[in-house]
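Engineer: Numbering (the working numbering), first residue to last: 2 to 94.
Below is the structure I would like to discuss, written out as structure tokens.
So, in structure tokens, the structure goes:
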């Protein structure tokens, strides 16, 4: 989430209303299959918030505020692919 807030393009699409306290789902993203299996699993609280997310996908959805990059993670998977769900920032959709 910290990376997204610094990026000019990403911060337009990832609202992150709660500031990373896991009390909303406005930072919802999809991970590719390999990345999803590489990162630590979601907590029960994150699963609860993902139920409220825009178009959640089982086995792919995560809250970006709960993804913590580390050297170990980078060694396991150099290419973490993150996708923002279509229409997530489109109030007319």
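In this text, a Cβ means the ideal position worked out from N, Cα and C, and glycines have one as well.
Quick caveat, the model's predicted, so the values are computed rather than measured.
Tell me which residues share the same chain as residue 54 and place their Cβ nearer than 7 Å to its Cβ, disregarding the 5 neighbours each side in the sequence.
Structural biologist: As a working note, residue 54 is residue 53 in the chain shown. Hits under 7 Å: 26, 29 and 62.
Engineer: Quick one: Cα of residue 85 to Cα of residue 38, how far?
Structural biologist: As a first step, residue 85 must be located in the chain shown, where it is residue number 84. As a first step, residue 38 must be located in the chain shown, where it is residue number 37. Cα to Cα, residue 85 sits roughly 18 Å from residue 38.
Engineer: Given residue 24, which residues of its chain have a CB within under 8 Å of its CB, disregarding the five upstream and five downstream residues?
Structural biologist: Position 23 of the chain shown, counted from the start, is the residue given in the question as residue 24. Taken in chain order, the residues that qualify are 50.
Engineer: With H, G and I counted as helix, E and B as strand and the rest as coil, what does DSSP make of residue 121?
Structural biologist: Here the chain has residues from 2 to 94 only, and residue 121 is not among them.
Engineer: Relative to the C-alpha of residue 20, which candidate in 32, 42 and 66 has its C-alpha closest?
Structural biologist: Counting from 1 along the chain shown, the entry for residue 20 is found at position 19. With distances taken between Cα atoms, residue 20 lies closest to 66.
Engineer: In terms of residue numbering, what span does the beta strand (DSSP E) encompassing residue 64 cover?
Structural biologist: As a first step, residue 64 is located in the chain shown; it is residue number 63 there, counting from the start. It spans 62-64 - the beta strand (DSSP E) in which residue 64 sits, taken as one unbroken run.
Engineer: Suppose you measure from the CA of residue 60 to the CA of residue 22; what does that come to, to the nearest Å?
Structural biologist: Position 59 of the chain shown holds residue 60. Position 21 of the chain shown holds residue 22. Taking the straight line joining both Cα atoms gives about 22 Å.
Engineer: Determine the extent of the alpha helix (DSSP H) in which residue 51 is found, giving its start and end residues.
Structural biologist: Position 50 of the chain shown, counted from the first residue, corresponds to residue 51. Counting along the chain, the alpha helix (DSSP H) containing residue 51 begins and ends at 45-51.
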